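Here the working numbering is used: the first residue of the sequence shown is 17, the next is one more, and so on. Built from N, CA and C at the ideal position, the CB exists for glycine as well. Please read these numbers as outputs of a predicted model, since none were measured by experiment. First the structure, in the form of structure tokens, and then the observations on it.
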Amino acid sequence: MKNVRDISFFTLFLFTCLQVCGQNHSALNETNSKNGVLAPKPAFRDPVYDGAADPMVIWNPLVSKWWMFYTNRRANMTNLPGVSWVFGSPIGIAESTDGANWKYLGTANFNDLPKECGARDSTTFWAPDIVSGDDGKWHMYLSIVPGIDVKWGLPGFISHLSSTNLRDWKYENRLTQLGTQVIDADILRMPDGMWRMYYKDQRGYSHINVTESKDLYFSSTPKEVLRTNGEGPIAFQWKDYYWLIIDTWNGQTVHRSKDGNTWEVQPGSPLMPDGQGTGKDDIPNALHANVVISNNRVYMYYFTHPGRIGADKNKDTYEQRRTSVQVVELKLNEAGWLTADRNKPTYVKLSRPK
Numbered sequence: 017m018k019n020v021r022d023i024s025f026f027t028l029f030l031f032t033c034l035q036v037c038g039q040n041h042s043a044l045n046e047t048n049s050k051n052g053v054l055a056p057k058p059a060f061r062d063p064v065y066d067g068a069a070d071p072m073v074i075w076n077p078l079v080s081k082w083w084m085f086y087t088n089r090r091a092n093m094t095n096l097p098g099v100s101w102v103f104g105s106p107i108g109i110a111e112s113t114d115g116a117n118w119k120y121l122g123t124a125n126f127n128d129l130p131k132e133c134g135a136r137d138s139t140t141f142w143a144p145d146i147v148s149g150d151d152g153k154w155h156m157y158l159s160i161v162p163g164i165d166v167k168w169g170l171p172g173f174i175s176h177l178s179s180t181n182l183r184d185w186k187y188e189n190r191l192t193q194l195g196t197q198v199i200d201a202d203i204l205r206m207p208d209g210m211w212r213m214y215y216k217d218q219r220g221y222s223h224i225n226v227t228e229s230k231d232l233y234f235s236s237t238p239k240e241v242l243r244t245n246g247e248g249p250i251a252f253q254w255k256d257y258y259w260l261i262i263d264t265w266n267g268q269t270v271h272r273s274k275d276g277n278t279w280e281v282q283p284g285s286p287l288m289p290d291g292q293g294t295g296k297d298d299i300p301n302a303l304h305a306n307v308v309i310s311n312n313r314v315y316m317y318y319f320t321h322p323g324r325i326g327a328d329k330n331k332d333t334y335e336q337r338r339t340s341v342q343v344v345e346l347k348l349n350e351a352g353w354l355t356a357d358r359n360k361p362t363y364v365k366l367s368r369p370k
């Protein structure tokens, strides 16, 4: 009888092991599929201030990882009055091997800034965009507000910085021709080699302007592109169109163009409007975003204020101030317009740029 019991126990043990292994294998396949790596929700939260916003992602060949640069709002400093927690923000950096799973790395270093940027302990940095130039350097276009206030309205400007390692940045110049109420630069290279900078101009009303350069040292007179109530422009070329996506505070409003000059707005509501998300930290509207194009697929990294829901939506506590970064894949529908289903699993498959 003892041998029979031993055999039965061994059989049960073996069956249990096979079942657990099968479940683990199934979970692994769900996380890593031919379509990429399953992105968690949220994709990232900042461990210092819990205020990661305005994300942009770029490949760092020096460490063979993807780096995410973001505005790090001081969300957990609940003693700060008014909107002063949004000011005085450093630029945070997170890193990833796959573009789906992120960990905090530190902050970007801005040394030897001129006096026009304000005192060192009270300078506000917002919404960087970064590109790799033909000169072997990386070029950052950074919104700078030289001060901290309890209300919106402080003048700000866009500055150009450069780096050889993506961590330490040298101040090049302030783009004075753009004015002193401008933020949110986004860079696009055109087929003829010209660089375009799209940005938000806040004078009188919100509109999107563009300026051009042959060498990333922008000095030309800007032109108006869109007169719209929004910010955080994203410009890119994909699937026979130029795309210009604007954060209109009720989602991401899409525009497309065949020539990059004449734009038409996407019919219907913006992408990812308020209250239509179902994932963790992803119910409110998608805010200031950027995209990565890889393997002819487009991934949008955006942020939300997870606590701005329900009856407490308009309160001003830590829960409403904190932010989370999310990622969703953009797709093209039959009508040639963009879709973003953030309620379905997003699989990220990024390849090293050539």
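Excluding its 5 nearest sequence neighbours in each direction, C133 has C-beta neighbours in its own chain below 7 Å: T139, I160 and P162, listed in chain order.
By the Cβ neighbour-count rule, V198 is buried, with 16 or more other Cβ atoms within 10 Å of its own.
Residue environment analysis places Q342 among the buried positions, since at least 16 neighbouring C-beta atoms fall within 10 angstroms of its C-beta. Taken in chain order, the region 137-206 contains no complete alpha helix (DSSP H) segment of 4 residues or longer. In the three-state reduction of the DSSP assignment, R272 falls in the strand class, which pools E and B.
For R212, no alpha helix (DSSP H) encloses it; the enclosing beta strand (DSSP E) starts and ends at W211 to D217.
Here the region 361-368 does not lie against the region 267-276, with fewer than 3 beta-carbon pairs under 8 Å apart. The C-alpha of K50 is placed about 42 Å away from the C-alpha of G104. When the Cα atoms are used, S235 and R219 turn out to be separated by approximately 19 Å. Residue environment: S80 is assigned as exposed (fewer than 16 neighbouring CB atoms within 10 Å of its CB, all protein chains considered).
Remark: C-beta atoms of W118 and A55 do not approach each other more closely than 7 Å. Assigned with DSSP and collapsed to three states, T123 falls in strand. Taking the C-beta atoms as reference points, D275 is found no nearer than 7 Å to L303.
Judged by DSSP in its simplified three-state form, V102 adopts helix. The count of Cβ pairs closer than 8 Å, one atom from the region 58-73 and one from the region 316-332, reaches three, so the stretches are in contact. Rounded to whole angstroms, the separation of the alpha carbons of L204 and F252 is 6 Å. By the CB criterion at 7 Å, V53 and A116 fall inside the cutoff.
By the criterion of at least three beta-carbon pairs nearer than 8 Å, the region 79-93 is in contact with the region 107-114. Rounded to whole angstroms, A305 and D298 show a C-alpha spacing of 14 Å.
In the three-state scheme derived from DSSP, where H, G and I count as helix and E and B as strand, A55 is classed as coil. In this structure the region 165-173 does not lie against the region 221-239, because fewer than three pairs of beta carbons, one per stretch, are closer than 8 Å. Spanning the alpha carbons of P286 and Q336 requires a straight line of approximately 22 Å.
In terms of Cβ geometry, I224 and V307 do not form a close pair [threshold 7 Å].
If you look at Y334, you'll find it isn't in any beta strand (DSSP E); it sits in the alpha helix (DSSP H) that goes Y334 to R337. In this structure, P289 lies away from R324, with their beta-carbon atoms at least 7 Å apart. Judged by their CB atoms, G67 and V166 are not nearer to each other than the 7 Å cut-off. When C-alpha distances from T294 are compared across Y258, P283, V281 and P322, the shortest belongs to P322.
About 7 Å separates the CB atoms of D184 and N127; that is less than 8 Å, so the two are in contact. Counting along the chain, the unbroken beta strand (DSSP E) around Q253 starts and ends at E247 to W254. Secondary structure at K347: strand, using DSSP grouped into helix, strand and coil.
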